[in-house]
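To start, the structure itself, in C-alpha cells.
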Amino acid sequence: MTSTGHYTSKIEQLWHSSDAPEWQHALSRYWDCVSKEHVAIEREMDALRPDDVRHLDADQWYDWLLHKYYFWKYTAPNRYATTTMRLKRQVTAAGRHHLLTIRDQVLDCENARIKDALRAARQLGGLGPAGASGLLALLFPTRFGTVDQFVVRALQKVRCLPERGQLERMKNPESLTDSHSVVLVKIMRRKAASLNERLHTSGWTPRKIDKVLWANDRG
C-alpha cells in the first residue's frame, strides 16, 4: 500500500500504487458514478466488440449511432440534442451509406496512429475529440481510452507525469484538440502497460484507465 504522506490527491496516490485491490476498487467506482437511467446502455457498450457493428446495414448503423452510441456518450439532454442534430444533418446531406464508409475506416484503425484514428472517427457528424475517442475506446479498449475534461483534470493532479507541462497547458479541458488527445491516450496506454507489468496481469487497458480517471472525485 502506498503512503499518502507526500501526495496531494487521491488520484496521485493511486497512480503510484502497486496495490491490485486498490486499483480494482478505483475501477469499480466508475459504476457507482453511472446514473440509474444509463446503467443498461453502459453495460451494453462495455461489452461492445467490432463485429457487433461491422455487419450492420446503413439504416442499422445510423440507428445504432443515434440511439446507442450518442445516447451513451452525451448524457446531458442538451448535448445529445445538438450532437445528434449534426449527425442528422450529415445524413440529409450525404446519405446514410456515407456513414458506412466512415464506419469501415474507423474499424480499420485499431493499430493506426492515434491522430489518424481520431480523424477517422471525427468524420461522424457532431463528434469532436472526446466523442471520437469514446467510440475508439469502446471498439478497441486495449488501444484507446476516452479523453474528456474529467480525464484531463484528474491527470493534472498527478505531478510525476513527464507530460505535466503539456497537461498544464490544457487550460480549457472542455475544448480538447487532436494533439491534446494523442498525449492523453499515450498516457493511458503507458499506465495500462505499467500496471499489467507490475501486477502480473494482462487485464488493464487504456479504457479501464479512463474509467478510473473519469470516476476520480465524482459520485
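Sequential numbering from 21 applies to the sequence shown in this note's numbering.
Where a beta carbon is used, it is the ideal one built from N, C-alpha and C, also for glycine.
With 16 other Cβ atoms within 10 Å as the buried cut-off, status of R123: Burial of R123 is indicated by the presence of at least 16 other C-beta atoms within 10 angstroms of its C-beta.
Sufficient close CB pairs (3 or more, under 8 Å) joining the region 218-227 to the region 147-161: yes
Enclosing alpha helix (DSSP H) for G185 [first to last residue]: Element bounds for G185: 184-188.
Neighbourhood of W81 by C-beta distance below 7 Å, restricted to the same chain and skipping five residues each side: V73, L119, L120, R123
Rounded C-alpha distance that separates H45 from Q110: 41 Å
Distance between beta carbons of D198 and L138, contact taken as under 8 Å: 5 Å
Nonlocal neighbours in the same chain, by C-beta distance under 6 Å from M21, ignoring five residues either side: Residue confidence for M21 is low, a pLDDT of 37 falling below 50, so the modelled location carries little weight; the figure read from the coordinates is stated next. So the qualifying residues of the chain are D39.
K30 vs N236 beta-carbon contact at 9 Å: yes
Every unbroken alpha helix (DSSP H) within the region 99-126, with a cutoff of 4 residues, ordered by chain: none
Option nearest K206 by Cα separation, candidates A60, R179, L85, R163: R163
E42 vs C180 beta-carbon contact at 9 Å: no
Status (buried if at least 16 other CB within 10 Å, exposed otherwise) for K191: Classification for K191: exposed.
Beta-carbon contacts of R173 that lie in its chain and below 7 Å, excluding the five residues immediately before and after: P193
T103 beta carbon less than 9 Å from that of L147: Yes.
V171, DSSP secondary structure in three states: Three-state DSSP puts V171 in a helix.
Per-residue DSSP class, three states only, for N192: coil
Cα-Cα separation, Y100 to R106: If you take the alpha carbons of Y100 and R106, they lie about 10 Å apart.
Selected residue, minimal CA-CA separation from D71, among L86, R49, V126: V126
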